[in-house]
Amino acid sequence: MENDKAAVDPLPETFDSFEKMADFWDTHDVTDYAEYLTPVEMTIAEHPRAEYVITLSDTEDDLLQRATEREGVPLTALINAWVQEKLQEYAAS
7 MENDKAAVDP LPETFDSFEK MADFWDTHDV TDYAEYLTPV EMTIAEHPRA
57 EYVITLSDTE DDLLQRATER EGVPLTALIN AWVQEKLQEY AAS
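Plus 6 on top of the position in the sequence shown (first one is 1) and you've got our numbering.
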């Protein structure tokens with residue numbers, strides 16, 4: 007995408023789903039939105055240090071499957087995103 011600021015679509019405040027966010031970024035260049043970026047420092051582990059097994063009821067499993075379909079992401083990605091979100095909330099409190 008050309009770096010012509012007059013032609014850049016406004017960045018949505020929120021996205022209704024992961025799929026809509028992915029669609030937006032599939033057709034837009036993040037460098038056109040550099041003013042919205044915040045530098046961060048982080049360490050990324052090469053390999054996960056822990057794996058967990060959870061047991062869900064059939065109802066919970068059905069809801070989880072529907073959530074992954076609605077969000078358009080793999081099950082593990084959705085669960086990881088939810089866990090990270092909750093842990094960030096917990097760490098901030």
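In this text, a Cβ means the ideal position worked out from N, Cα and C, and glycines have one as well.
Small disclaimer: the values here were computed from a predicted structure and weren't measured.
Can you grab the Cα-Cα spacing for the pair residue i / residue j, in whole Å?
i	j	result
GLU41	SER63	45 Å
GLU91	ALA51	18 Å
ALA97	VAL89	12 Å
THR65	GLN71	10 Å
ALA28	ALA73	16 Å
THR44	ALA83	23 Å
VAL59	HIS53	17 Å
GLN94	LEU81	20 Å
If we call anything under 8 Å between Cβ atoms a contact, is residue i one with residue j?
i	j	result
PHE30	PRO16	no
PHE24	VAL79	yes
ASP32	VAL14	no
Count the other C-beta atoms from every protein chain shown that fall within 10 angstroms of the C-beta of residue i, then say buried if there are 16 or more, exposed otherwise.
i	result
ALA47	According to the sequence shown, residue 47 is Glu rather than Ala. Exposed, by the Cβ-count rule.
GLU77	buried
Within the present structure, is the beta-carbon of residue i separated from the nearest heavy atom of the ligand FMN by less than 7 Å?
i	result
VAL46	Looking for the ligand FMN in the displayed structure turns up nothing, as the structure carries no ligands at all.
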